[in-house]
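Student: Mapping the sequence shown onto this note's numbering, position 17 (from 1) lands on 1264, and the numbers just tick up by one.
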Amino acid sequence: MEDLIKKLEPLDKQDNDLSKPPATALPLNPVGVVASKPTTGLDANIDWKSEGETSKELLDAKHILQPYKYTSSLPSKKILSIFVDALNVWFYLPDATVTQVKNIGHLLHTACIMLDDIEDSSPLRRGRDAAHVVCGQAQTINSANYLIIWAIDETRKLGIASCLDDFLREMRNSLIGQSYEFHWRDNGICPSRGEYMEMVEKKTGSLFRFIAKLLTTLDPQNRNLNFNDLSSMLGQYFQIRDDYKNLTDTTYTETKGFCEDLDERKFSYLIQHAWNLPFPSSIRLQELFKKKERNDKDNGMTRGDKEEILAILRKLGSFQEAEEKMGDLLEGIICEVKKVEEATGRENKGLRGLLEKLAGKTLG
1248 MEDLIKKLEP LDKQDNDLSK PPATALPLNP VGVVASKPTT GLDANIDWKS
1298 EGETSKELLD AKHILQPYKY TSSLPSKKIL SIFVDALNVW FYLPDATVTQ
1348 VKNIGHLLHT ACIMLDDIED SSPLRRGRDA AHVVCGQAQT INSANYLIIW
1398 AIDETRKLGI ASCLDDFLRE MRNSLIGQSY EFHWRDNGIC PSRGEYMEMV
1448 EKKTGSLFRF IAKLLTTLDP QNRNLNFNDL SSMLGQYFQI RDDYKNLTDT
1498 TYTETKGFCE DLDERKFSYL IQHAWNLPFP SSIRLQELFK KKERNDKDNG
1548 MTRGDKEEIL AILRKLGSFQ EAEEKMGDLL EGIICEVKKV EEATGRENKG
1598 LRGLLEKLAG KTLG
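1) Quick check on the DSSP output: the alpha helix (DSSP H) that includes T1461 runs from which residue to which?
2) Is L1477 closer than 9 Å to V1331 when the C-beta atoms are compared?
3) If you scan the segment 1329-1403 from start to end, which runs of the alpha helix (DSSP H) of 4 or more residues do you find wholly inside it?
4) Give every residue of the same chain whose Cβ lies closer than 6 Å to the Cβ of F1474, excluding the five residues on either side of it in the sequence, and list them in chain order.
5) Secondary structure at N1473, three-state DSSP: helix, strand or coil?
6) Rounded to the nearest angstrom, what separates T1357 and A1391 at their Cα positions?
7) Would you kindly report the start and end of the unbroken alpha helix (DSSP H) that includes E1507?
8) In or out: A1343 buried (at least 16 other Cβ within 10 Å) or exposed?
9) Please classify Q1486: is it buried, with 16 or more other beta-carbons within 10 angstroms of its beta-carbon, or exposed?
10) According to DSSP, is S1426 helix, strand or coil?
11) Please determine if the segment 1415-1434 and the segment 1452-1466 are in contact, where contact requires at least 3 C-beta pairs separated by less than 8 Å.
12) Using the rule of at least 16 other Cβ atoms within 10 Å of the residue's Cβ for burial, across every protein chain shown, is G1482 buried or exposed?
13) Using the Cα positions of M1444 and L1557, report the straight-line distance between them to the nearest angstrom.
14) Within its chain, find whatever has a CB closer than 6 Å to the CB of I1293; leave out the 5 residues flanking it on each side and keep chain order.
15) Reducing DSSP to helix, strand and coil, say where L1622 ends up.
16) Please report how far the alpha carbon of G1592 lies from the alpha carbon of P1467, in whole angstroms.
17) Alpha carbon to alpha carbon, how far is C1582 from T1497?
18) Does the segment 1357-1376 come into contact with the segment 1308-1318, if we say contact requires no fewer than three beta-carbon pairs (one atom in each stretch) closer than 8 Å?
19) Going by DSSP in three states, G1607 sits in which element: helix, strand or coil?
20) With distances taken Cα to Cα, identify the nearest neighbour of V1345 among V1380, P1322 and T1402.
21) State the Cα-Cα distance for the pair L1394 and V1348, rounded to the nearest angstrom.
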C-alpha cells in the first residue's frame, strides 16, 4: 500500500530518450491472462497471422508507433494505472492480469489524447509539442487507430467474451459523448446542465467504467461488485476539474497555454453555467464567444477577451458553482467507496489517497 501511495507524488523528471522504452509505456513483454500469442513489445507488430504461418514482410510497425512512443514519453501522473492498483485492493488478481488491464487502459488513454489534441487543434501536450505537431497529423491519427486495434486484441486475449462486449459498449459511449461536445462547439450551441453531465458521463466516464468492469469480470469471487456509479462520478469529477483548472491553474497555462479552452470555444462546465443564466453578463459572454476576431499568434481568442470572460465567470459565480459540484461528486464517490469497503471488509487507502491527492484535501 505504501508503494501505491508513493505513486501519487508528482513526477519531477521524465526520461525522454526515445531510443529507450518510455517510462509510461507498456512493458517490453506484456503478459496476457490467456495468451494466443503474446505481444513482443513497442517495436513489434501485433501478430495477426495464423499459427505456423511465416512472414516475409519488409515493413514493421516502427513508423506507426512513433507518435505513441513520443506521447508516452511525456510527463504523466499515471492516474489510470493508480486507479487499477487501487481497485485491485478489493480483488485477488495476479500481477500478470493487473498488468494486462493496465496495458489496455494505457493504449486506449494514449490513443484518446493523441486524437483529442488534433480534434481540439491543441499544439501542446503536458508542456511539450503534441504528437501531431512532431509526427504529423496523418501519422498520429494512424497511430491512434492502431492503438485502439491493439487494445481490442489485448482485450480478446483475456479469454472472456464479455470483456469485448464491455469494450465495444464503452467505446461507443465515449464516441457518442464526444460527438455532442464537437457538435455544440462547432455550432455554437450551449448544452443544458443535464446534457453536459450526460456527455461527460459517456465521454470521460467510459474508460473508468470499462477498466473497473474488466477487473470485476476477471475475478470470479467479486463479480457481484458494481462500480458503475463510482466510475461515472469519477469521470465527471475529472472533466469538471479539468475545465476548472484550465481557467485557473498556472500549471495549465505553462503546459497547454493561457485558458486554452476559450481558444477552442469549448462549452465547459463553467461556460454552460454562466451562459444559461438570465443576466446581461451572460449575453456579453455569448457575444464574446461568437466574435470572429482571432489572435494572430495562436489563432485563438484574444487575451483581452479571455480576461473579460474570466471576470464574467467570477461575477456570475461559475467558479464557485464548479467547486461546489466537484465537492458533491467527491462526496458521492466516497459514499460508493464506503459501500464497497463494507461489502468486502477491506478499507481502500489507495483509492482514498488518490481522491485526496486530486482534491488537495483530506476526505472523510
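Glycine included, every Cβ here is placed at the ideal spot set by N, Cα and C.
Tutor: So, from the data block:
1) Residue 1461 is actually Leu in this sequence, not Thr. Element bounds for L1461: G1452 to L1465.
2) no
3) 1342-1366, 1378-1382 and 1384-1403
4) A1459
5) coil
6) 8 Å
7) E1507 to D1510
8) exposed
9) buried
10) helix
11) yes
12) buried
13) 22 Å
14) Per-residue confidence for I1293 stands at a pLDDT of 44, beneath the threshold of 50, marking its modelled position as unreliable; the derived number appears in the next sentence. Only W1397 and D1400 meet the Cβ criterion.
15) This structure gives no information on residue 1622, because the portion of the chain shown stretches from 1248 to 1611.
16) 17 Å
17) 32 Å
18) yes
19) coil
20) T1402
21) 14 Å
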